[in-house]
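Residue numbers (our numbering): 177 to 1001. Even for Gly, the Cβ is constructed at its ideal location relative to N, Cα and C.
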Amino acid sequence: MRKENKSIRAKVTVGYLLLTTLLFFSIWFVYQEMKVLAEPDISEAELDAKRKITNNTLAKLYQAEVIGQSLSVGRLNDYPLYRKAMQEALASIDTLKTFVSDSVQSQRVDSISLLLNRKEQNMLSLLKAMNDTAAAGIYQRNIEKIISQQDSLLKEERVQKKVVVRQNSYQVQKKPKGFFKRLAEAFAPGKQDTATVTNTSHEYITDTLVQAYNPADTVAVILRNIQIQISDKRQEHLELLRNRANKLRYNGQILSAKINQILRDFEEEEMSRSLDKLEQNRMVRQHSMRVISGIAIGSAFLAALFLILIWRDITKSNHYRRELEIAKQKAENLLVSREKLMLTITHDIKAPVGSIIGYTDLLSRLTTEERQRFYLDNMKASSEHLLKLVKDLLDFHKLDSNKVEINRVTFNPHQLFDEIKISFEPIAEKKNLRLDYQIAPELNGHYISDPFRIRQITDNLLSNAIKFTEEGSIGLFVSYRESKLYLTVKDTGKGISDEEKDKIFQEFTRLKNAQGEEGFGLGLSITQKLVALLEGTIKVESISGKGSSFEVCLPLFPVGGIIETQKKEENESPKSPKPTRALLIDDDRIQLELTVEMLKQLNVEAVCCEQPEELFEYLKNESFDILLTDVQMPAMNGFELLELLRSSNIPQARSISVIAVTARSDMDEEDFKAKGFADCLHKPFSLNELSRVFSIPEVAHENSDKAQLDTDSHELKFAALTTFSEDDPAAAAKILRTFVSETRNNRDALQTALDASDAKHLTGLAHKMLPLFRMINATRCVQFLAWLEAHRDEAFSADMQEKAIFALEEIDKVIVQCEKFSGLC
């Protein structure tokens, strides 16, 4: 069974470890996958940087374009701003070039730089052209000409104007495109990366054959020519400005196209990378799903596997447990049978031993010869010892379960061992063995310990020594050192081998050399337990074939000033007890009257009360020597009453001796003393037990024979209620009437509790009625009342209801028979 449990624990542990390992692996794997998904992409950061630089370049170009337009209208002071914007745009382009790894993109960035430089040159040329009109030079030259040709003939020339228009186309070379690029342009053809420039020129043709012969018009002609020249120069200047502005716009368009192309490429690259990233994430998720599914399937498989294995082991374990329970039940039945057998045997022993003790008491009173009294005393001591051993045999299970208590009293060890030696001398002589005896003289005093247990230990060791010794001697040696009693028993018997030394203290163990000897292997086991109970030690030394030696060491402490007191008390003749006053409290009037009658036999005056208020009133106004209280009462139990007495401001209540009177069988005298009571009486109690509590010698009743009335004609023994009425018919009749009245009241209360299903009240009434019904031998009713009392801590049930109904029926019968017995009906 233990191996099965270990196997189940191992499998459960391994299963949990594997599942825990899979769990942590799953957590680690999911964390790694999430880390891959959440990890920032360097290419995305690079692409974002490219986009930012490109947008910055566009912004600078737009700024330069705006400034250029202001320059074209004559705001020449903005040229530094224009140049600064162009320089910043060039710096952004240079920065962008460091991020570009594609050769095509690199060429485009270089072309943008070239175009920016060209645009800046064109703007400079435009500004120069705007600043240089040449009108002043024309006027100066013509004035000088007029002066130099004052006497010459004025000639008139014919000038013809001719306009010539020329167009030039520029195409930008591109790198070969990839397959997907060409496939995309097959559905949406791209535009040619070209630029067209239109140049318009004006030609003037002068006909020199036409001459004017009017000299008066020479100045006018010259002025007109100046005007024509200036107009022509202005037209040429304007044409030049238009051409350079067109070039500037053309360069701006090319720049915008190039930058837009780069932005489109960046967007395409970003889209491609986004698609790749999505595809990568999809693959990561699929891989994670496959791995997690595999882990889940593996975990389910492991769980199912270990479930099957553990279920199989548990099934086996349950099967073995059922078999063990059956075997345990059989063993318990055997133990019960053995205990019953032991009880039967010991009962048969106790009866004759009791007779022997009784007759030795009678003989000791009749004989006066010292030798006969000596024999009778030894017979009585041996009989009493045998009776105690029988009782210990009945309580062996208590000793085995460490429930046997030590009764430490004052005794004389020297006298104890002398008695032991005397009791074993006849046994040793019968086997022709010499009994050596030696005891330390300092032990002839009074010490405190448990003499009965010491005698039991010594008797067991001496019995074994005599049993296993055929010739030679046995010895009993007792010494005292350092508050320790050393008891040594030696023999010259068969001895014990080294292998058998560890077995001799085991229960029901008999060695090979013990075959054929009496006993059943409990003596040394009981001895060892008793030694341990007395807080001592025992050791054995033995040589096979030469004998054994058992040494017991027990704590023993001396007590002074007791011998003289006891001897003085023994020499004094017993005096008649002084009158004593007792205060009684009980909720059962029958028990009160019965106790009062018994106390009269002891010459004790008794005062009765049923309520705690009455009790305190009596204690306040009168004087009492002792208080007897019932333990279980409806208003207040005995423990609460004792606590209230000790905390009262009435001096007598705090000091009076309180005796517990109870029908409870689950508490003994020591339990009540531990609660603060001086002593206890168990209901029903006898007159001798009552006299013991009052420390009064036992009283012999002249009417004891009368108390045993003939009950052949009656089923119940109501005479037990009137035993102490001293042939007073009035007192007897009063006791019986009170019994009938109280029983009826209790019967009605029992019926009320049954109707209300009040288990607590029901069992309390059963406890209250049980002692008197036991006294009158109402066996059938006692059976049901005892069952109810034993289940006082349980809830109301059908079994409790059934037992209460039967009890009510038997109580009715008791009332009827009591009325017949008393002649009341």
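query, result
"For E727, the residue or residues it bridges with in DSSP", "T664, K715"
"Backbone CA spacing between L930 and I582 [nearest angstrom]", "45 Å"
"From E846, F861, A954, residue whose alpha carbon lies closest to that of F894", "A954"
"Alpha-carbon spacing of I633 relative to V992, whole angstroms", "57 Å"
"Spatial neighbours of S752 in its chain, beta-carbon cut-off 6 Å, leaving aside the 5 residues before and after", "Here the model assigns S752 a pLDDT of 40, short of 50, so the residue's position is not dependable, and the following value carries that caveat. Within the same chain, S752 has no close Cβ partners at all."
"Where H943 falls, given that 16 or more other Cβ within 10 Å makes a residue buried", "buried"
"Spatial distance of G648 from K666 (CA atoms)", "11 Å"
"Presumed contact (8 Å Cβ cut-off) between L961 and A983, rounded CB distance", "6 Å"
"Classification of Y192 by the beta-carbon crowding that lies within 10 angstroms, buried from 16 upward", "exposed"
"Cβ pair count under 8 Å reaching 3, the segment 264–276 against the segment 225–241", "yes"
"Coarse secondary structure for A932, derived from DSSP in three states", "coil"
"Whole-angstrom distance between E415 and K226, CA atom to CA atom", "40 Å"
"6 Å Cβ shell around R765 - same chain, five flanking residues per side excluded", "T914, E918"
"Nearest neighbour of R968, chosen from F600, S287, D934 [CA to CA]", "D934"
"Status (buried if at least 16 other CB within 10 Å, exposed otherwise) for P905", "exposed"
"Residue(s) in a DSSP beta bridge with D806", "V837"
"The beta strand (DSSP E) enclosing S720, as first and last residue numbers", "Run containing S720: none; DSSP gives neither H nor E here."
"Touch test, the segment 613–620 against the segment 584–594, Cβ-Cβ under 8 Å, three pairs minimum", "yes"
"Complete runs of the alpha helix (DSSP H) confined to the segment 565–648 [at least 4 residues]", "572–576, 589–606, 627–643"
"Segment contact, 8 Å Cβ cut-off, at least three pairs: the segment 659–675 with the segment 711–723", "yes"
"Span of the beta strand (DSSP E), counted from its first residue to its last, around V783", "780–785"
"S655 - DSSP class collapsed to helix/strand/coil", "strand"
"Contact under 8 Å by Cβ, E727 with Y662", "yes"
"Closest Cα partner of D626 within the set F792, G712, S831", "G712"
"Distance, N864 Cα to S880 Cα", "Here S880 scores only 36 on pLDDT, less than 50, and its place in the model should not be relied on; the value that follows carries that caveat. Straight-line Cα distance between these residues: approximately 13 Å."
"Beta carbon of L760 nearer than 8 Å to that of I911", "no"
"Inter-residue Cα distance where the pair is R497 and N509", "18 Å"
"Contact between the segment 192–209 and the segment 456–469 (3+ Cβ pairs under 8 Å)", "yes"
"C-alpha distance - L732 paired with A186, whole-angstrom precision", "53 Å"
"Whole-Å CB distance - A836 paired with L795, under 8 Å assumed", "That pair is no contact at about 17 Å."
"Three-way DSSP call (helix, strand, coil) for L710 in this model", "coil"
"Short Cβ contact (8 Å threshold) for I832 with F800", "yes"
"D855: first and last residue of the uninterrupted beta strand (DSSP E) it sits in", "855–858"
"Range of the contiguous beta strand (DSSP E) that encloses R251", "Where R251 is concerned, there is no enclosing beta strand (DSSP E), given that its DSSP letter is neither H nor E."
"Pair within 8 Å by beta-carbon distance, L478 and L938", "no"
"Close Cβ partners of V869 (< 7 Å) along its chain, the five nearest in sequence each way excluded", "I835, D855, L857"
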